[in-house]
Amino acid sequence: MTFWKLFARNRGAVLGLAIIATMTFLAFTASIFFPADPFSLAGKPMSPPGENGFLLGSDSLGRDVAAGIAHGAKTSLLIGLLATLVAVFIGIIMGALAGYYGGVIDNLLMRLTEMFQTIPSFIFAILLVAIMKPSIESIVIAIAVVSWPAVARLVRGEFLSLRNREFVQACHTLGMSDIRIMLGEILPNCLSPVIVIGSLMVATAILIESGLAFLGLGDPNIMSWGFQIGAGRTLLRSAWWVCTFPGIAILVTVLAINLVGEGINDALNPRLRERT
Numbered sequence: 318m319t320f321w322k323l324f325a326r327n328r329g330a331v332l333g334l335a336i337i338a339t340m341t342f343l344a345f346t347a348s349i350f351f352p353a354d355p356f357s358l359a360g361k362p363m364s365p366p367g368e369n370g371f372l373l374g375s376d377s378l379g380r381d382v383a384a385g386i387a388h389g390a391k392t393s394l395l396i397g398l399l400a401t402l403v404a405v406f407i408g409i410i411m412g413a414l415a416g417y418y419g420g421v422i423d424n425l426l427m428r429l430t431e432m433f434q435t436i437p438s439f440i441f442a443i444l445l446v447a448i449m450k451p452s453i454e455s456i457v458i459a460i461a462v463v464s465w466p467a468v469a470r471l472v473r474g475e476f477l478s479l480r481n482r483e484f485v486q487a488c489h490t491l492g493m494s495d496i497r498i499m500l501g502e503i504l505p506n507c508l509s510p511v512i513v514i515g516s517l518m519v520a521t522a523i524l525i526e527s528g529l530a531f532l533g534l535g536d537p538n539i540m541s542w543g544f545q546i547g548a549g550r551t552l553l554r555s556a557w558w559v560c561t562f563p564g565i566a567i568l569v570t571v572l573a574i575n576l577v578g579e580g581i582n583d584a585l586n587p588r589l590r591e592r593t
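Quick note: the sequence shown uses the numbering used here, first residue 318, plus one each step.
In structure tokens:
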């Protein structure tokens, strides 16, 4: 069976994909449905959902919660994807070099990887963003720095298991360069687990970005779900909607990404392919 047929057998993954597609559509059309600046004062403060023209209510300053969620979707998805791509890129390089060459290079790179893994990731991200100026670039760098070790260890394990296979030995016999063997022969054979872990890292990146924004370490000029929750945390009893709807957006998006990751894992699982 093809990848899509195997993926479609997982109903949770299909539901997650539909949710992600909806969030992506919302992010791309945020400027159309909510053309005003999400930070602008749109009306009466503390308006409940459905009153005074606010679909999901307004916060203590009169900002539209629905507009914030729509524009925040763009921020969360963008940072999640960019940070994951950077982390996967770094992890593949470190893991490939360690697994292919082994020996001293492997020991040095793995000790470096373990050093990064011993530091709590969220605290490390807070430290990095605090050192740099809070912005999308600094948040992406911080999330990538704390996320790449997992990819590096995975890629290293795959390269260790593949570097002595017959097809790799044949490449050496033909005089192919190390870079060509790593990128053209070994890496394509270990992309499946990398794709799976990368899809799950997007959800983790969104959670980290939301946590940073909640603590006031997000980009002050860009709306995000974490910023909305942080701005409304003191109003939880009097204006529950200010925190609730952005929190639901984070919960649903992260859950959907994890469901899609599980579906990708099932679709790329060679044992499942053999059974079908």
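Yeah, the Cβ is synthetic: ideal placement off N, Cα and C, and Gly gets one too.
Nearest CA to the CA of S266: which residue from P365, I337, H388?
Within the shown structure, residues of the chain are numbered from 318 to 593, placing residue 266 beyond reach of any answer.
Assumed close pair V485, I409 - CB separation to whole angstroms, cut-off 8 Å
V485 to I409, Cβ: 17 Å. No contact.
Between S516 and E526, is the Cβ-Cβ spacing less than 8 Å?
no
Where S375 sits in the DSSP three-state scheme
strand
Excluding the five sequence neighbours on either side, which residues of its own chain have a C-beta within less than 7 Å of the C-beta of C488, listed in chain order?
I498, E502
Let's test the definition: count the other Cβ atoms within 10 Å of the Cβ of K361 and tell me whether it reaches 16, buried, or not, exposed.
exposed
What are the boundary residues of the alpha helix (DSSP H) that includes K450?
Segment: none, K450 is in no alpha helix (DSSP H) and carries neither H nor E.
Starting from D583, follow the alpha helix (DSSP H) in both directions and report where the run begins and ends.
In the DSSP assignment, D583 falls within the alpha helix (DSSP H) that extends over 558 to 585.
Span of the alpha helix (DSSP H), counted from its first residue to its last, around S348:
Unbroken alpha helix (DSSP H) run through S348: 347 to 350.
Cβ separation of T570 and S348, assumed to be a contact under 8 Å, to the nearest whole Å:
With 8 Å as the limit, T570 and S348 do not qualify as a contact, their Cβ atoms being about 19 Å apart.
Closest Cα partner of L332 within the set G580, L585, P352, N586:
G580
Residue closest to M340, alpha-carbon to alpha-carbon, out of L500, A584, L568:
L568
Look at the Cβ atom of W465, then the Cβ atom of M411, and state whether they are nearer than 8 Å.
yes
Residue range of the alpha helix (DSSP H) that includes I498:
Note, I498: premise wrong, no alpha helix (DSSP H); not H, not E.
Sequence-distant residues of the same chain with beta carbon closer than 6 Å to L553, five excluded per side:
C560
DSSP three-state call for D423: helix, strand or coil?
In this structure, D423 counts as helix in the three-state DSSP scheme.
Cβ distance (whole Å) where L534 is taken to contact V446 below 8 Å:
5 Å
How many angstroms separate the CA atom of F439 from the CA atom of R328?
32 Å
Tell me D381's beta-bridge partners as DSSP assigns them.
S375
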